[in-house]
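Some notes on the structure that comes next.
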Amino acid sequence: QVQLVESGGGLVHPVASLSLSCAPPGSILSSSTMCWYRQAPGKRRELVAAISSGGTTQYADFVKGRFTIRRENAKNTLYLQMNSLKPEDTAVYYCNAAGSNVYWGQGTQVTVSS
Numbered sequence: 001q002v003q004l005v006e007s008g009g010g011l012v013h014p015v016a017s018l019s020l021s022c023a024p025p026g027s028i029l030s031s032s033t034m035c036w037y038r039q040a041p042g043k044r045r046e047l048v049a050a051i052s053s054g055g056t057t058q059y060a061d062f063v064k065g066r067f068t069i070r071r072e073n074a075k076n077t078l079y080l081q082m083n084s085l086k087p088e089d090t091a092v093y094y095c096n097a098a099g100s101n102v103y104w105g106q107g108t109q110v111t112v113s114s
């Protein structure tokens, strides 16, 4: 069972920045649409951002202009740069790969609090 591994979560103050990483094994990154999801306590998991294998990106309205998703195929790594963080961004963030199969990470906690 392939599981993706996220890193980079933590506790930050409002308006701070944080960068998440996800390094899928093998050729998953280059052959899949890669996504970041998040799930806050008591809420449903929601899509934050996605990037296709061709590099097309899409963002949820609540992160547009603040978050950037990118992939570095040479490093086999997916990133989520999060700027101007708000308390409502607090959630567990999950890496997701959707290709011939679907893979999830175990999640990384992001807490935004003063």
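Here the sequence shown is numbered in my numbering, starting from 1 and rising by one per residue.
Where a beta carbon is used, it is the ideal one built from N, C-alpha and C, also for glycine.
Is residue i helix, strand or coil when you go by DSSP?
i, result
"residue 73", "helix"
"residue 29", "helix"
"residue 63", "helix"
If you follow the beta strand (DSSP E) that residue i is in, where does it begin and where does it stop?
i, result
"residue 46", "46-51"
"residue 10", "10-12"
"residue 20", "18-22"
"residue 56", "Run containing residue 56: none; DSSP gives neither H nor E here."
"residue 108", "108-112"
Pop quiz: residue i and residue j are said to be a contact at Cβ under 8 Å. What is the actual Cβ separation, rounded to whole angstroms?
i, j, result
"residue 112", "residue 86", "6 Å"
"residue 9", "residue 109", "5 Å"
"residue 12", "residue 20", "In fact, because the Cβ distance is near 12 Å, the residues do not count as touching under 8 Å."
key: Validate contact between the stretch 36-47 and the stretch 70-77 using beta carbons, cut 8 Å, 3 pairs   = no
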